[in-house]
Each structure stands twice: as structure tokens, then as C-alpha cells.
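Number of protein chains: 2
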Amino acid sequence: MQDQHIASAYDRDLEALQALIIKMGGMVEAAIRDAAEALTNRDTELADKVRKGDKAIDALDDKVNEEAARVIALRAPVSKDLRMILAIIRFAAAMERIGDYAKNLAKRVGTLSELRPVDGTDATLRRMARDVEIMLRDLIDAFIRRDAALAADVIARDADIDQTYNSLFREFLTHMMEDPRNITPCMHLHFIAKNTERMGDLVTNMAEQVIYLATGQRPEEDRVKKDQTPYMTAPE
Amino acid sequence: MQDQHIASAYDRDLEALQALIIKMGGMVEAAIRDAAEALTNRDTELADKVRKGDKAIDALDDKVNEEAARVIALRAPVSKDLRMILAIIRFAAAMERIGDYAKNLAKRVGTLSELRPVDGTDATLRRMARDVEIMLRDLIDAFIRRDAALAADVIARDADIDQTYNSLFREFLTHMMEDPRNITPCMHLHFIAKNTERMGDLVTNMAEQVIYLATGQRPEEDRVKKDQTPYMTAPE
Numbered sequence: 001m002q003d004q005h006i007a008s009a010y011d012r013d014l015e016a017l018q019a020l021i022i023k024m025g026g027m028v029e030a031a032i033r034d035a036a037e038a039l040t041n042r043d044t045e046l047a048d049k050v051r052k053g054d055k056a057i058d059a060l061d062d063k064v065n066e067e068a069a070r071v072i073a074l075r076a077p078v079s080k081d082l083r084m085i086l087a088i089i090r091f092a093a094a095m096e097r098i099g100d101y102a103k104n105l106a107k108r109v110g111t112l113s114e115l116r117p118v119d120g121t122d123a124t125l126r127r128m129a130r131d132v133e134i135m136l137r138d139l140i141d142a143f144i145r146r147d148a149a150l151a152a153d154v155i156a157r158d159a160d161i162d163q164t165y166n167s168l169f170r171e172f173l174t175h176m177m178e179d180p181r182n183i184t185p186c187m188h189l190h191f192i193a194k195n196t197e198r199m200g201d202l203v204t205n206m207a208e209q210v211i212y213l214a215t216g217q218r219p220e221e222d223r224v225k226k227d228q229t230p231y232m233t234a235p236e
Numbered sequence: 001m002q003d004q005h006i007a008s009a010y011d012r013d014l015e016a017l018q019a020l021i022i023k024m025g026g027m028v029e030a031a032i033r034d035a036a037e038a039l040t041n042r043d044t045e046l047a048d049k050v051r052k053g054d055k056a057i058d059a060l061d062d063k064v065n066e067e068a069a070r071v072i073a074l075r076a077p078v079s080k081d082l083r084m085i086l087a088i089i090r091f092a093a094a095m096e097r098i099g100d101y102a103k104n105l106a107k108r109v110g111t112l113s114e115l116r117p118v119d120g121t122d123a124t125l126r127r128m129a130r131d132v133e134i135m136l137r138d139l140i141d142a143f144i145r146r147d148a149a150l151a152a153d154v155i156a157r158d159a160d161i162d163q164t165y166n167s168l169f170r171e172f173l174t175h176m177m178e179d180p181r182n183i184t185p186c187m188h189l190h191f192i193a194k195n196t197e198r199m200g201d202l203v204t205n206m207a208e209q210v211i212y213l214a215t216g217q218r219p220e221e222d223r224v225k226k227d228q229t230p231y232m233t234a235p236e
């Protein structure tokens, strides 16, 4: 009976920890969505909301770390449970960083609202952000259900994000060469594109962890890094 | 007697874990140093060495994670020891990312070697990388000695890195406006500057953890983010 009580309290601890990370995921999804909308509409008020909201995401990261340490110290988890707790700590760190990227995007909205728009790139950035947001939502679902197939699908979608980023990089170079007035806005828009691409990478890392949690196997190392921009130069 | 044996094996486990992270730090320091040297001399051979060497850093990150999980499962550490192990897991993640940034820098050396140099920026980038490398070395020392004062000093130095990055951002904008042939090299050099600035941030995060380990207190939250570029536009 005593044992059962202990087991239940332990289960509740694990569930509470899982609930924290799910909540954090929802907040980060909202941050990406709001930041992208603020960018599209050059809505500085919404951008401000995203910037201020990042504090709550950071606080949740701290809370996950504290709770995880508490559960480890109190319950001495092993094997599967321990793997889950350590994965949750890493998820919190990744989500905190995605939140930072959304905040950084939001910070640039004010500056961009005073600069000329750059043809066509806004819609592409919006779509990229939307895709990453859905990847993150599916990643969280995959984690809840320990669904390795969905996690693998999330990883596969990151290649599209990388491709879009590569095209944008070339587009920005072209716009800047064509008209120097595009240089400053393109520098900021490029930051946003790169940070969005990094969000995709972070979601991919989490998805790899979910596969490990679900199957005990690390995913194949055949994923080639698709950011080709280190090798790119401007079209002649 | 039995207890003493267990305690000693436990201590050896903790020391081995600490030795792993110190080793990883040394490898990452070398990667920063070599990448910066490869950039300065447009030395594609050295750049290649950095790119290939990143696999060993990644492998060490995996090893730290496995060892940490093993020690937690086997020894059920609490309080100070547990905090140290969880900090080491985070250090490994941060160092893995610094290694990635060094690799990314190295990837651009080949492209940059085919582009025109941009006046004055190489020396500044080299100095930034050197400063980050020394920050990392001191951070590791601060961790080994649980030296909160040294860790605080590391954090203070990050403000200089941020300042240098802000100046470089403006310089790149100016060079690009002046001559469109500077656009492509400046885009790549700017990446390198931003990634170096991020390395500094990651070292700073680790230094904050060292202060927490040494004092049990989180450092004051008065550190203002010094990257001012989200608000910057080109000089008129």
C-alpha cells in the first residue's frame, strides 16, 4: 500500500514535469506565430507583446530545471524515466532558445517598419515561420504519444525549411546588389530567415530525442546539413 | 569499509565526468583558435581540419550525456553533486554548439578565400575569436576551482565582445553600401561575427552556472543584452 502511494506520487511528478514542457511548447508556438504576424503586418504592438512574453518562457525553463532536479533527487529514477527527465531538460533548453529567436525577430519589427519592404520575401518568411510552428506542434504531439513515425516526419520537413532559407539567402544577395537601399532591410530580414532556420534545427534535435525515447535507438546519422549558404556567392 | 569503497567509486565517477567536460572544453578552445587562424590566413587545409574535428566534439557531448545518465542512475546523487552533474550536461550542450559555430566559420573560409578581402575586418574578427577563446579557457578554470569571481569576470568581458560585434555590423553595412562587390564577402564575414558573438553568449551562460554551483545563488539579472543591431540601420 505504502509502495503504491509512493509509485503514484512518483507518477504524478513525472506527469507534472511532462505537463510543464507541453505548456512551454504551447507558449513558444504562440511566440513564433505572433512574431511572424507582427513581422507581416509591421505590428510593433504585437512585437512588443512577444518581447515581453519571453520572460515567462525563460521562467518556465528555470522551473523545468528545478523540478527535474527535485524529481531526480527525490525519486532516484532509472532507465526509461531518467531518460525522459533528461530529455525534458534538453527540450526546455531548446524551447528557451526558440523563444529567444522569436523575441529577436520581434525586436526587428520596429526597425523594419521604418525601412522599405523587399519584394516577395515577407510572404516566404511568414510561410517558413508557419512551417516551423507546425513542426513544433507535431513534435510535442510526437513526444506525448512517443510517436517515432511522427517525429521522423518532423525531421524530414526540416529539409524544406533549409531549402527555403537557401533560396532566401540568394534572393537577399540579389536584392542588395540591385539596389543599395535594400542592404539594411535585407540584413535584418536575413537575420530573421537564419533564426527561423535555426528554430527548425532545434525542433529537429528534439525530434531525434523523441525517436530515442520511443525506440531506444538513435536516428540514423544520414541527415546532411542542408544549409548550403556557407558556399554561396552572389550571382554574377 | 564497504561504504568507503562505494564513496570512492562515486567520487571517481564524478571526477571522470568532470574530466570529460574539461577535455571537451580544450577541444572546443582549439577549434575556435584553429578556425580563427584558418580565417586570417584563408587556410583551407586548417579549415578542413576544424570541420572534421567537430565530429569528435559531438561524440564527446554524447559521451557526457551517457555518462551523466549512468552516474545518476547508479549513484542517485542529490543536492550539490546532482547540481554539478546537471550543469555538466548543460556545459556539454553549450560546448557542442560552440564547436558547431567554429565549424560553420571554417566552412566559410573556402568561399572567402575566393572573394576580395574587406578592409580591417579580419583583424577585428581574429581578436574577437581570441577573446572568446580566453573567456572559455577561464570559464573552465572557474568551473574547476568553483571560482565565482573569475566566472563573474568572464561574464563582464562578454560586453566587449558584444560591443565589437555592434561596431562590425555597422562597418559591414557601410562597406556594402560603398561598393556592391563587398556585399557577398560582408554577408559571410557578418555570419562569422554573429556566430562569434553567440559563442560569447554561450560562455556567459556557462559562467552563470558556475556562479550558481559555487555560491548557490543565481547571478543578478541586471545583465542587459548588448546586441544593439536589431535597432540599427545604415548610416545615411
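Read top to bottom, the protein sequences are chains A and B.
Residue numbering for the first sequence follows full-length UniProt numbering, beginning at 1 and increasing consecutively.
Residue numbering for the second sequence follows full-length UniProt numbering, beginning at 1 and increasing consecutively.
Glycine included, C-beta positions come from ideal geometry on N, C-alpha and C.
No experiment lies behind these values; they were computed from the predicted model shown.
Where residue i sits in the DSSP three-state scheme
i      : result
B:P230 : helix
A:E114 : coil
B:Q209 : helix
A:E236 : Residue confidence for A:E236 is low, a pLDDT of 48 falling below 50, so the modelled location carries little weight; the figure read from the coordinates is stated next. Three-state result, A:E236: coil.
B:M1   : Confidence is the limiting factor: at B:M1 the pLDDT is only 45, short of 50, which leaves the residue's position unreliable, though a coordinate-based value still follows. B:M1: coil per DSSP, three-state reduction.
B:R90  : helix
B:Q163 : helix
A:P180 : helix
A:D58  : helix
B:R33  : helix
Among the options, the one whose alpha carbon lies nearest that of residue i
i      : options                       : result
A:M84  : A:E15, A:K194, A:M232, A:S167 : A:E15
A:I89  : A:D131, A:E66, A:D100, A:E171 : A:E66
B:P219 : B:P230, B:A152, B:R70, B:A9   : B:A152
B:F172 : B:V28, B:G120, B:A148         : B:G120
A:D201 : B:G53, B:R97, B:I57           : B:R97
A:M135 : A:S113, A:S167, A:M199        : A:M199
A:G53  : A:D11, A:D34, A:D62           : A:D34
B:P185 : B:D138, B:P117, B:G26         : B:P117
B:A30  : B:D227, B:D147, B:A87, B:D100 : B:D100
B:V50  : B:A56, B:L189, B:K103         : B:K103
A:Y231 : B:G25, B:V78, B:A68, B:E114   : B:E114
A:A36  : A:V71, A:T124, A:L17, A:I57   : A:T124
Proximity test, Cβ basis, 7 Å: residue i and chain B
i                      : result
residue 247 of chain A : Residue 247 of chain A lies beyond the residue range present for chain A, which begins at 1 and ends at 236; the question has no answer from this structure.
A:I183                 : yes
A:L14                  : no
Interface flag, residue i vs chain A, CB-CB below 7 Å
i      : result
B:A211 : The sequence shown places Ile at residue 211 of chain B, not Ala. False, the Cβ-Cβ gap to chain A never drops below 7 Å.
B:V203 : no
B:M177 : yes
B:L86  : yes
B:T111 : yes
B:A69  : yes
B:A76  : yes
Contact list for residue i against chain A, beta-carbon separation under 8 Å
i      : result
B:K107 : P230, Y231
B:S79  : A73
B:A93  : R90, A93
Contacts that residue i makes with chain B (C-beta to C-beta distance below 8 Å)
i      : result
A:A59  : Correct list: empty, because the minimum Cβ distance to chain B is about 11 Å.
A:P180 : M176, M177, P180
Interface partners of residue i on chain B, CB under 7 Å
i      : result
A:S167 : What A:S167 touches in chain B: nothing, since even the nearest Cβ is about 15 Å away.
A:I72  : I72, L82
Beta-carbon neighbours of residue i, restricted to chain A and to distances below 7 Å
i      : result
B:M187 : L173
Interface residues of chain A facing residue i [CB-CB closer than 9 Å]
i      : result
B:L115 : T233
Contact list for residue i against chain C, beta-carbon separation under 9 Å
i      : result
A:N104 : Of the chains in the structure shown, none is chain C; the protein chains are A and B.
**OP:** Give a yes or no on contact between the segment 105-122 of chain A and the segment 38-52 of chain A, applying the rule of three or more CB pairs nearer than 8 Å.
**Re:** Cβ pair count under 8 Å is three or more, so yes.
**OP:** Check whether the segment 206-213 of chain B touches the segment 147-162 of chain B, taking contact to mean three or more Cβ pairs, one atom from each stretch, closer than 8 Å.
**Re:** Contact between the segment 206-213 of chain B and the segment 147-162 of chain B is present: three or more C-beta pairs spanning the two stretches fall below 8 Å.
**OP:** Indicate whether the contact test is met: 3 or more Cβ pairs, each with one atom in the segment 163-170 of chain A and one in the segment 156-175 of chain B, closer than 8 Å.
**Re:** The segment 163-170 of chain A, when compared against the segment 156-175 of chain B, does not touch it at the 8 Å Cβ threshold.
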